[in-house]
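Chains as they are written, first to last, in this note's numbering: chain A, 84 to 848; chain B, 174 to 338.
Think of the CB as a built atom: it goes at the ideal place given N, C-alpha and C, for glycine as much as any other residue.
Contents: one structure, followed by commentary.
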């Protein structure tokens, strides 16, 4: 008996009716998760297991003069100590897999254990394996490291100056024109995207708004800290258990980093306690493997929260400039953006993705976007939910709001007039397929919140803001293997780590295709030996791509059942029809369950399988509305009401689509109002705890109203668009626009923390 | 009872989920460490190890605590309830059922802590307002759900439990 106390609104722009898709079953893995029985990476303990810990740099930028590990090695209970010398020489090899392939492997390896130099506070120096975690922690204190401390460079605008200290002495800018700079600098890469003629476009404009924005570093904030357990057998087989967004990615990276045959590496994906882009690449796994090889024992490593914040890789801070030209009747004539993101201690920020998204909601005839990937003395940055898009669209959506205010045009009307639609260009991509930005904007306009005037309160500064967001989503490779059991149930193996209900959204697509109930599908997240290649859970790709593999595997199974029944019934295979889970031909009929039993007697056991690399992922748009109240004494901003509208293509598993929307909103609100790495001038991170890095609690936010818009993605048989990432994109801009509506003040830095809002209010007054 | 033995470890007798339990612990080990690593009760999770996230919530002598901030030797003579003791052999607790039906979890790693904390709330206040639920659960961090469905699940469970009481 399911009680839906919360069913959000859904607005369909299609006529498809489904039996399983769009329903609200209880997720397959739910029981184990509400009883505490589900096994996450840190929950396994192997016989003979040792515990690993990592020594980290107290300096942001320093040369390592010497490391003396003899004191640690002499401590009772210590079994091994390793430094970067334990890694094979990476030479000039490039990385594969993950969301950012193609970077020099030496950077990835040196990020795991510093080679010669430390690039940030918290950079790993050495790792210890010991009988228990406390002994390992004691041993770290006995490692003697001599440093030559260097001046740190913390912000992109400082790191890009010609006289800035160069952090990586042999880093030469990969320029947008394909050439390489001749002098080393902190700029790892430049990128340039152009459409039309921006100079001509700005010349046509009646109004040009040109603004600069800056960003603090933020962390993904998953509640489970990083962990890995490795067992290197004496015959070279390496078993790894970890909480990662991609077991196959970890396997590939281990093979590359350890120069070890990939067939000897077996990665078991444990349940994962959140990732949001922060667990897409190997980090601890190679250290656990090296320590296991050295000791002959399984080695378990689990990071503490301070180390997670210091070192695992937050998402960049940086700089965005956005300039938009419009005519007096509110048509955009040109856009220019300049994005510089901090990569952290090694190259590879998410600036390219930010560039692609900055103007995505709009069809403008002329645009130019420049991006810079800049090395600074902060942890190597990683993806965080729609990586780069939140920064970029905070800037562009704030400028759009300013234009609407200046020209006195309704912000919904402006966005509808200029909206991107099917056939319009997108940066570095083919023209848009069918997309749902206009449908989302109309749904937002018609929503209860937008239609209800903001309640005023005496002495209170209240305001409302609206903003659009876009994320392009990703296809990549996914595999499914499904076995038909004799009772007609199906065991479904898939390779995508399930972070938020995707076992069920995949099983639902399989069930819909084969015509069985979702309860008759048992989905299992399989290890790297048991299922075909499956790339990382990222880019909002799992329900789209692994769901497509499930759909195709169901059709493969269906074909095998049909062949078996054709033999049994002595009819032509093409005479057998399949409807509502029943196969019929020539007076014979069998449900899937009956067919399974019949075929078993004949020795036929259908196994449906598919590996697919879809590329028509379809973009995802969202429109959010925020009502806020600003305390003009303290600068604190409270969210009074919030509505999230999003094009899900077709929502396979609506409660979890709503969950992605609501979760993304609250992460976005945290980013908007509070979350930020605080550094001192020497580059020490000062707030490496969950008390001081303050994420939203239940008390900080209201219920989040959701409206799912369904504009089917033509690139998927069920119309799926990825839903996981785009909901974090609009909140900071919606909040900033609401703060402006409340106070008349424009905020140009994230987060818009109480101190910053208070200072901005004081400056205005 | 806690008795120091020769190895420097302490012998602790306690009660967990109604069962009498003995364990040996180093004095520096937290209750969370002992539950997870010595006793195999891995439902309580370490999210921060300093009392900020609530993923390790257990109830000790009727009080909701962060087990990462309790030394294991303090468990001597106490009665401890963990997530493993919330369901009965007959079935799930109404909160667990409500979390499933309301889709009040995503990655699930914070879920045991939320359920233990919410159970403690409903034992103290069977009819909380939405604000009271949010206030009580402010010691538990969830990064996936945005709290909406968790709060609804707790209110829904409270209603069911009142109806059954």
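A direct Cα-Cα distance of roughly 40 angstroms separates residue 164/A from residue 193/B. Inclusion of residue 321/A and residue 347/A in the CB contact set at 8 angstroms is warranted, their separation being smaller than that value.
Among the CB atoms of chain B, one or more fall inside 8 angstroms of the CB of residue 738/A. In the displayed model, residue 660/A falls within a strand according to three-state DSSP. For residue 277/A, the uninterrupted beta strand (DSSP E) run begins and ends at 270-278, by DSSP. DSSP places residue 440/A inside the alpha helix (DSSP H), whose first and last residues are 434-440.
The continuous beta strand (DSSP E) containing residue 352/A extends over residues 348-352. If you draw a straight line from the Cα of residue 616/A to the Cα of residue 604/A, it is about 21 angstroms long. For the set 520/A, 415/A, 456/A, the Cα lying nearest the Cα of residue 487/A is the one of 415/A. Between the C-alpha atoms of residue 210/B and residue 245/B there is a straight-line separation of about 12 angstroms. Among the CB atoms of chain A, one or more fall inside 8 angstroms of the CB of residue 285/B. Excluding the 5 residues flanking it on each side, residue 129/A has same chain C-beta neighbours closer than 7 angstroms at 312, 314, 381, in chain order. Take residue 586/A, set aside five residues on each side of it, and the residues of its chain with a beta-carbon closer than 6 angstroms to its own are 111, 112, 606, in chain order.
Taking C-beta separations shorter than 7 angstroms and ignoring five residues to either side along the sequence, the partners of residue 333/A in its chain run 323, 325, 327, 350, 365, 368, following chain order. In this model, residue 809/A and residue 500/A are separated by some 22 angstroms (Cα to Cα).
Note that the region 656-676 of chain A does not touch the region 734-743 of chain A; fewer than 3 beta-carbon pairs, one per stretch, sit closer than 8 angstroms. Among the CB atoms of chain B, none fall inside 8 angstroms of the CB of residue 101/A. Only those residues of the region 309-337 of chain A whose C-beta falls short of 7 angstroms from the nearest C-beta of chain B would be listed, and there are none. By the Cβ-count criterion, residue 178/B is exposed, with fewer than 16 other Cβ atoms from all chains shown falling within 10 Å of its own Cβ.
In this structure, residue 454/A sits away from residue 239/A, with a CB-CB distance that is not shorter than 8 angstroms. In the structure shown, the three-state DSSP call for residue 508/A is coil. Contact between the region 430-450 of chain A and the region 272-286 of chain A is established, with three or more Cβ pairs separated by less than 8 angstroms. Taking 8 angstroms as the threshold, the shortest C-beta distance from residue 335/B to chain A does not fall below it. Selection 237/B, 184/B, 191/B, 201/B evaluated against residue 309/B yields 237/B as nearest (Cα-Cα). For the C-beta of residue 197/B, not a single chain A residue is nearer than 7 angstroms; the gap to the nearest is close to 13 angstroms.
Going by DSSP, residue 547/A is part of the beta strand (DSSP E) stretching over 544-554. Under the DSSP assignment, residue 95/A falls outside any alpha helix (DSSP H), being part of the beta strand (DSSP E) whose first and last residues are 92-95.
A direct Cα-Cα distance of roughly 41 angstroms separates residue 772/A from residue 632/A. Here residue 315/A is bridged, per DSSP, to 321/A. Residue 466/A is not a Cβ neighbour of residue 437/A, given a cutoff of 8 angstroms. For residue 501/A, the enclosing alpha helix (DSSP H) covers residues 494-501. Burial check for residue 131/A: the Cβ neighbour count within 10 Å stays below 16, so the residue is exposed. Nearest CB-CB separation between residue 687/A and chain B: not below the 8 angstroms threshold. Interface with chain B (8 angstroms Cβ-Cβ cutoff): residue 757/A is excluded. The region 747-757 of chain A makes contact with the region 303-320 of chain B; the number of CB pairs closer than 8 angstroms reaches 3 or more. Between residue 233/A and residue 248/A, the CB-CB gap stays under 8 angstroms.
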